[in-house]
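If you read the first sequence in UniProt numbering, its first letter stands for residue 1, the second for the next number, and so on.
Single-structure report; data block below.
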Amino acid sequence: MHSLGVKCNEFAFPSVFKACTLTNDFRLGKQVHGTVVVTGFENDEFVLNSMVVLYAKCGEIADSTRIFDAIPRRTVVSWNALLNCYVQRDSFGEAVELFQDMIVSQTQMYGEGVGVNQTTLSTVLKSIASLQASHICRQMHALSLKSGFEYNNYIVNGLVDAYGKCGQSEDASRVFKESQTSDLLAFTSMITVYSQDGQGEEALKLYLEMQSQGIKPDAFVYSSLFNACASLSAYEQAKQVHVQVLKLGFIIDIFAGNSLVNSYAKCGSIDDAERAFREIPERSIVSWSAMIGGMAQHGHGRLALQMFNEMLKEGVAPNHITLVSVLCACNHAGLVTDAKRYFSSMEELFSVQPMEEHYACMIDILGRAGKLDEAMELVNTMPYEANAAVWGALLGAARIHKNVDLGSKAAEMLINLEPEKSGTHILLANIYASAGMWDGVAKIRKVMKDSNVKKEPGMSWMEIKDKVHTFIVGDRSHPRGKEIYAKLEELSEPLRKAGYVPMVETDLHDVEEREKAKLLYHHSEKLAVAFGLIATPPGAPIRVKKNLRICLDCHTAIKLVSKIASREIIVRDINRFHHFRDGLCSCGDYW
DNA sequence: CTAGGGTTAG
């Protein structure tokens, strides 16, 4: 047109720029920019706004901003284009800053809550979610209400996602419920929030609810569902969801595949995890890390290291998480020398600088192996302040190696760092008890009473078909309670013959000795195992999970039960898996 | 005239 000598007025340019933006034709756009200058329209705000959008879309943020800054009145679209530009390159902080300028400028120009639209809010919510900027969530929520976008699907989804990522799952759920949306993405976001918040039951319930409303899922939701199963340790559930994905004809992509590996591992079946792992077509570092970490948690240290070598052979570079898992694997297998080698060479070999987590892991390894001096040396020379993980590792080491001094020092630091946790007091009491320091035990009991620290009640679960059976110490409310207690009674004689002596001294309950022995014998994990023995077919593995660390007395007893009853018993406690088989445990009595 | 959801450790 221009080359034909036809005069072009300012009304044509925005449309031309728009066409260039839509077709991603940056080259033509630049040419037209030149024409704008030649024809003297470079001060027209409509022309300039359309140029901002063009340059932003092409990722030329400097040019875009330069033009943008020179426009006296910017359109919402220009602001949005620039905002989106920042989000595209993960500059979320800059996006939020730009938005704050935008609010000031647009409010001056148009009045409150008017100069932004749903695209603005949606883009900014995504930035807030990525930054986990919880303090701005509420403001954004208020602004959305004020602007009248409350029930817009994009905004609902954005708010759910942002509240969730900022750790405010209750607010996320309130927005979701009040919106009464039937949008697939909003459902997916809400399911993800629940699963990331450890509310696996809610996640699975919402998935059912979604289907009963006739909303068809897509492949996105499954990674979160598998995670929900993982957090519930619900093996049957994981299998059911897995089967359903296949039935619906969705391909298990890399995200869902990685979650599935993690889920099967966390549900106690490392074999299923490995099968799922082998079926992932293009395994990423996340897939490998999940598999290596799973094997480590199951106590298969050597296999985990083999897996790591296989990974290196395939040319996949480990990241900091992989290396935590590798160290963890060494820890479970008692491979101190290997751990030291990996730890000291990780920066040189894999360009991963040891972080706090790696130090904590290494300190745990040294401590468990009884090298308490070396562990302390590392604590004193590392470039970090010792955190709860480090003191926790030292406390655990002190318990295993019966070191009262280190134990009380570590416990003191831990109680300062996490005063609300009862586990620290309990562990220290165990250390005192095993050293025969009964006044120490009594003191802790008093401190716990005075400071109102409650021992978190121990609970164990067993999943049979799709029903979850819950047990707490001494509880007789289970429908098959009578049989469960009879089974334990029946086991007491063979247990005694096999050398089991109740460890009453480690129990902190304020009751008489005989009463203690009874409580001990009816710990939740023992009840769950007894139930497993009567409720599953002979020879079937028994899977139990517990909300705390498994107790020492139960660990001893269950080892013997696995032999007496010829059963594989798998207990997932808060830290790891214990595979009891033929009188032994996969953790090698280190936990 | 621009915009939304999923994966690994401790």
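No residue lacks a Cβ here, since even glycine has one placed at the ideal position from N, Cα and C.
Problem - Backbone secondary structure at K546 - three-state DSSP - result: Position 546 of the first sequence, counting from 1, holds the residue named residue 546. Strand at K546.
Practice task
Report the residue ranges of all beta strand (DSSP E) runs contained in full by the stretch 93-155; include only those spanning at least 3 residues, in chain order.
Solution key: none
Handout entry: Coarse secondary structure for E463, derived from DSSP in three states
Key = Here residue 463 corresponds to residue number 463 of the first sequence, with the count starting at 1. It is a strand residue.
Problem - Sufficient close CB pairs (3 or more, under 8 Å) joining the stretch 107-125 to the stretch 156-163 - result: yes
Handout entry: Limits of the unbroken alpha helix (DSSP H) element including I558
Key = Residue mapping note: residue 558 aligns to position 558 of the first sequence, counting from 1. First-last of the alpha helix (DSSP H) with I558: 552-564.
Handout entry: One or two residues paired with H425 in a DSSP bridge
Key = One-based indexing of the first sequence puts residue 425 at position 425. For H425, which the question treats as bridged, DSSP gives no partner whatsoever.
Handout entry: The beta strand (DSSP E) enclosing H523, as first and last residue numbers
Key = Taking the first sequence and counting its residues from 1, one reaches residue 523 at position 523. Here H523 belongs to no beta strand (DSSP E), and DSSP marks it neither H nor E.
Problem - Continuous alpha helix (DSSP H) stretch holding residue 595: start and end - result: Look at the range of the chain in this structure, 1 to 591, and you will see that residue 595 is not part of it.
Exercise for the section: Please state whether DSSP places T470 in a helix, a strand or coil. Expected result: Taking the first residue of the first sequence as 1, we reach residue 470 at position 470. Note: T470 maps to strand in three-state DSSP.
Problem - Cβ contact check for the stretch 528-535 and the stretch 433-453: 3 or more pairs under 8 Å - result: no
Handout entry: Residue(s) in a DSSP beta bridge with F580
Key = As a working mapping, residue 580 is identified with position 580 in the first sequence. Answer is I569, C585.
Handout entry: Alpha carbon of I569 to alpha carbon of M462, nearest angstrom
Key = Here residue 569 refers to the residue found at position 569 of the first sequence. Here residue 462 refers to the residue found at position 462 of the first sequence. Spanning the two alpha carbons is a distance of roughly 11 Å.
Handout entry: Option in M51, F226, K205 with minimal Cα separation from Q31
Key = Numbered from its first residue, the first sequence carries residue 31 at position 31. Of M51, F226, K205, the residue nearest in Cα terms is M51.
Practice task
Given a cut-off of 8 Å, decide if I155 and Q118 are closer than it, judged by their beta-carbon atoms.
Solution key: Locating residue 118 in the first sequence gives position 118, counting from the first residue. Locating residue 155 in the first sequence gives position 155, counting from the first residue. Contact flag set, yes.
Handout entry: Residue from D466, Y151, N416, A435 with nearest C-alpha to D405
Key = Residue numbering aside, residue 405 sits at position 405 when the first sequence is read from its first letter. Looking at the Cα atoms, A435 is the closest of the given residues.
Exercise for the section: Mind checking which residues open and close the alpha helix (DSSP H) that includes P494? Expected result: Within the first sequence, numbered from 1, the residue matching residue 494 stands at position 494. Start and end: 481-497.
Practice task
Would you identify the three-state DSSP class for M382, choosing helix, strand or coil?
Solution key: Counting from one through the first sequence, the residue named residue 382 turns up at place 382. Here M382 sits in coil by DSSP.
Problem - Local Cβ density within 10 Å of G294, reported as buried at 16 or more and exposed below that - result: Indexing the first sequence from 1 puts residue 294 at position 294. So G294 counts as buried.
Handout entry: Cβ neighbour criterion (16 or more within 10 Å) applied to L208
Key = To locate residue 208, count along the first sequence from 1; it is residue 208. Exposed, because fewer than 16 other Cβ atoms sit within 10 Å of the Cβ of L208.
Exercise for the section: Can you give me the start and stop residues for the alpha helix (DSSP H) that E170 sits inside? Expected result: Numbered from 1 along the first sequence, position 170 holds the residue referred to as residue 170. Its alpha helix (DSSP H) spans residues 169-179.
Practice task
Could you work out which residue in A317, C267, R278, G315 is closest to Q297 when comparing CA atoms only?
Solution key: Locating residue 297 in the first sequence gives position 297, where the first residue counts as 1. Selected option, being the one with the closest Cα: C267.
Exercise for the section: Would you tell me roughly how many angstroms separate the C-alpha atoms of H478 and D197, rounded to the nearest one? Expected result: By 1-based counting over the first sequence, the position of residue 478 is 478. By 1-based counting over the first sequence, the position of residue 197 is 197. Taking the straight line joining both Cα atoms gives about 29 Å.
Practice task
Please state if the CB of E513 and the CB of V501 are separated by a distance shorter than 8 Å.
Solution key: Residue numbering aside, residue 501 sits at position 501 when the first sequence is read from its first letter. Residue numbering aside, residue 513 sits at position 513 when the first sequence is read from its first letter. Cβ atoms of V501 and E513: not closer than 8 Å.
Handout entry: Among Q240, S195, V221, D183, nearest to G214 - alpha-carbon criterion
Key = Residue 214 sits at position 214 when you count from the first residue of the first sequence. Residue D183 is the option with its Cα nearest to G214.
Practice task
Would you give the residue range spanned by the alpha helix (DSSP H) that R275 belongs to?
Solution key: Looking up residue 275 in the first sequence gives position 275. It spans 270-279 - the alpha helix (DSSP H) in which R275 sits, taken as one unbroken run.
Exercise for the section: Tell whether a beta-carbon distance below 8 Å holds between R549 and W591. Expected result: What you label residue 549 is simply residue 549 of the first sequence in a count that begins at 1. What you label residue 591 is simply residue 591 of the first sequence in a count that begins at 1. In contact: R549 and W591 (Cβ atoms closer than 8 Å).
Problem - Cβ separation of T21 and V53, assumed to be a contact under 8 Å, to the nearest whole Å - result: Walking along the first sequence from the start, residue 21 turns up at place 21. Walking along the first sequence from the start, residue 53 turns up at place 53. The pair is a contact, with the Cβ atoms about 6 Å apart (cut-off 8 Å).
Exercise for the section: Grab me the residues of A304's own chain with a C-beta within less than 6 Å of its C-beta, minus the 5 sequence neighbours each way, in chain order. Expected result: On the first sequence, residue 304 is found 304 positions in, with the first residue counted as 1. So the list reads I292, M295, A296, A329, once near-sequence residues are dropped.
Practice task
Counting only the same chain and skipping the five closest in sequence on each side, list residues whose C-beta sits under 6 Å from that of F580.
Solution key: Residue mapping note: residue 580 aligns to position 580 of the first sequence, counting from 1. Excluding positions up to five away in sequence, the list reads I558, K559, S562, I569.
Exercise for the section: Express the C-alpha separation of M382 and A256 in angstroms, rounding to a whole number. Expected result: The residue labelled residue 256 in the question sits at position 256 within the first sequence. The residue labelled residue 382 in the question sits at position 382 within the first sequence. Each residue's alpha carbon lies about 38 Å from the other.
Practice task
Note the first and the last residue of the continuous alpha helix (DSSP H) segment covering P14.
Solution key: The residue labelled residue 14 in the question sits at position 14 within the first sequence. That run of the alpha helix (DSSP H) goes 12-23.
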